[in-house]
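A.B. asks: For the sequence shown, UniProt numbering begins at 1 and goes up steadily by one.
Could you have a look at this structure, given as structure tokens, before my questions?
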Amino acid sequence: MSQPPQPPHQGSPPPYPEAPAAVPPGYPGQGPAQPAPPPAYPTGPGAAVPPQAPPYPHTPQAPPYPHPPVRRPHAQRPDHPGHHPHQPGPGPAGPLPHDTAHPHHISTDRRRIHLSDSQRGADATAIGNLLLYLPHFLCSAFVVALVSLVFGGFGLILFVAWLLSGALVFHRPTESAIARRLLRLRYPTAQERARLEPVWREVAARAGVEGRNYELWVEDSDHLNAVAAAGHIVGVTRFAMNRLPNGELAAVLAHELGHHVGGHAWSSLLGHWYALPGRIAWRVLRTVSAVVFRVSRLFSCFGMGFVLLVFGAIAYATVSTLYGLPLLVLAVPYALAAVGRRAELRADRHAAVLGFAPMLAAVLDKLHQAEQHQQAQAAAVAAYHGQPPPQESPLSKLLSSHPDHHTRLHHLQPYLRPQH
């Protein structure tokens, strides 16, 4: 048999590893677009096949023909229905940034606290407040006693229950209901608590009181204000919490703490509670009187005189029976307002003694500017309607519960002077 033709210039295979293999493979992670061509060496019998060079490290081999090459993507988590790659969102909202360069910024770092022996008490203004509410209390007791007569034997139980109801002022759930329903306060959020608690802790540490005995509340208001109510409530507006430097916020909280330490908050609430029946009776009597006078106008002057005579006799009998206490009730609001102004000055002094006098003076300036702005707006509205600007009457000044701006600054002057 004849032998198959041999290719021309057939030589021995190149020695390993000098001769390179075919085309070098592509970059790692990418397969060739087409399968590698077969080697150009003969495939007949007796023909030696040259050895191939080993692949490069980490180089994927081409898939066998006739399957198409598989393109390997970069390693990543497989997508599932409804699955979205996790994107790092914003971190948890922390407390509001503090301007440490502000002159009224204070340090709120934790430190050792020395608690004083007297955590709270009742100063002269608190005692005077209770004494001034005494006529209201007696009038209310008279009203409750009259109502109790209607219930017969159960009336005595009703009267005693009213006398003991004043203890609810110091009941924590009752305080929470007062804060939420009457004062329109709410519990602070986590971010607001992170803002308030360090400042409150510093105020309580300076005063030597246990700060955890009080509850911090927030009022959703855009005005600068704060409140101390019942026995353990300290409320502050959202504006004061977010817009004041922490030193000025501490001055506001120290002022409210002064009301609690001096007994102003609980004494005012207790007196107001026991005066409530008398006030309700007074409003009912005033409403009935207005209705009767309107009806009497439909009749002759004789009817009007008869109504006046009846009400005059009732008023005389009431005054003579209660030894003139109803007449004292008419003057009590002015005396209570004067005691309230004195209580505000004592609370200012409490904040100043704790080292917050400059901060409190700055807060008072901001309050004064806000009042002037409101007065300017009211004057502009009155001028637009062709009316004179509103003026505060002397009686309204006597009924004001807060001293004027200049009086409060005058009492802060001893604490604002540099100490030598």
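Using N, Cα and C, we set each Cβ at its ideal position, and we do this for glycine too.
1. Among the residues of its own chain, which have a CB less than 7 Å from the CB of TRP162, if the five just before and after it don't count?
2. Ordered along the chain, which non-local residues of its own chain (more than five positions away) have a Cβ less than 6 Å from that of GLY231?
3. On the three-state DSSP scale, how would you describe residue 430?
4. For a test of the three-state rule: what should DSSP assign to ILE113, helix, strand or coil?
5. If we call anything under 7 Å between Cβ atoms a contact, is ALA124 one with GLY258?
6. Pick out the complete alpha helix (DSSP H) segments inside the region 141-165, 4 residues or longer, and give them in chain order.
7. Going by DSSP, name the residue or residues bridged to TRP217.
8. Does THR287 pass the burial test, meaning 16 or more other C-beta atoms within 10 Å, or should it be called exposed?
9. Quick check on this structure: which residue in PRO333, THR407, ALA383 and LEU409 has the alpha carbon closest to the alpha carbon of LEU395?
10. Here's a check: name, in chain order, each residue in its chain whose Cβ is nearer than 7 Å to the Cβ of GLU18, leaving out the five neighbours to either side.
11. Determine the burial state of ARG408: buried for a count of at least 16 other Cβ atoms within 10 Å of its Cβ, exposed for fewer.
12. Is it true that the region 199-206 meets the region 165-182, where meeting means three or more beta-carbon pairs spaced less than 8 Å apart?
13. Determine whether the beta carbon atoms of LEU185 and GLY235 lie at a separation below 7 Å.
14. Take TYR133 and list the residues in its own chain whose beta-carbon comes closer than 7 Å to its own, dropping the five residues that flank it on each side.
15. First and last residue of the alpha helix (DSSP H) that includes ALA382?
16. Give a yes or no on whether the C-beta atoms belonging to ALA250 and LEU224 are separated by under 7 Å.
17. Under 7 Å between the Cβ atoms of ALA379 and PRO389?
18. Does ALA337 come within less than 7 Å of chain B when only Cβ atoms are used?
19. I need the straight-line Cα distance from PHE154 to ILE280, nearest angstrom please.
C.D. replies: Let's see:
1. Within the sequence shown, residue 162 is the residue found at index 162, counting from 1. So the qualifying residues of the chain are VAL144.
2. Taking the first residue of the sequence shown as position 1, residue 231 is located at position 231. For GLY231, where only same-chain residues beyond five positions count, the Cβ hits under 6 Å are PHE170 and TRP266.
3. For the chain, the structure presents residues 1 to 420; residue 430 sits outside this window and is missing.
4. The residue given as residue 113 occupies position 113 in the sequence shown. Looking at ILE113 - three-state DSSP - the assignment turns out to be coil, as it is neither helix nor strand.
5. Position 124 of the sequence shown holds residue 124. Position 258 of the sequence shown holds residue 258. Result no, Cβ atoms of ALA124 and GLY258 do not sit closer than 7 Å.
6. Listed in chain order, the complete alpha helix (DSSP H) runs (minimum 4 residues) inside the region 141-165 are 154-164.
7. Along the sequence shown, one-based indexing puts residue 217 at 217. Answer is GLY235.
8. The residue labelled residue 287 in the question sits at position 287 within the sequence shown. Burial call: exposed.
9. One-based indexing of the sequence shown puts residue 395 at position 395. Looking at the Cα atoms, PRO333 is the closest of the given residues.
10. One-based indexing of the sequence shown puts residue 18 at position 18. Interpretation of GLU18 is limited by its pLDDT of 49, a score under 50 that renders its predicted location unreliable; the figure taken from the coordinates is listed afterwards. Taken in chain order, the list of residues that qualify is empty.
11. Translated into the one-based positions of the sequence shown, residue 408 becomes position 408. Counting Cβ neighbours within 10 Å, ARG408 comes out buried, since at least 16 surround it.
12. Below 8 Å, too few C-beta pairs join the region 199-206 and the region 165-182 to call them touching: fewer than three.
13. As a first step, residue 185 is located in the sequence shown; it is residue number 185 there, counting from the start. As a first step, residue 235 is located in the sequence shown; it is residue number 235 there, counting from the start. Note that the C-beta distance between LEU185 and GLY235 is below 7 Å.
14. In the sequence shown, residue 133 corresponds to position 133, counting from 1. GLY271, TYR274 and ALA275.
15. Position 382 of the sequence shown, counted from the start, is the residue given in the question as residue 382. In the DSSP annotation of this structure, the continuous segment of the alpha helix (DSSP H) that includes ALA382 starts and ends at 357-384.
16. Numbered from 1 along the sequence shown, position 250 holds the residue referred to as residue 250. Numbered from 1 along the sequence shown, position 224 holds the residue referred to as residue 224. Cβ distance not < 7 Å, so ALA250 and LEU224 don't count as in contact.
17. For the purposes of this step, residue 379 is taken as residue 379 along the sequence shown, with counting starting at 1. For the purposes of this step, residue 389 is taken as residue 389 along the sequence shown, with counting starting at 1. Cβ distance < 7 Å, so ALA379 and PRO389 count as in contact.
18. Note that chain B does not occur in the displayed structure, where there is just one protein chain.
19. The sequence position of residue 154 within the sequence shown is 154, counting from 1. The sequence position of residue 280 within the sequence shown is 280, counting from 1. Computed Cα separation, rounded: 22 Å.
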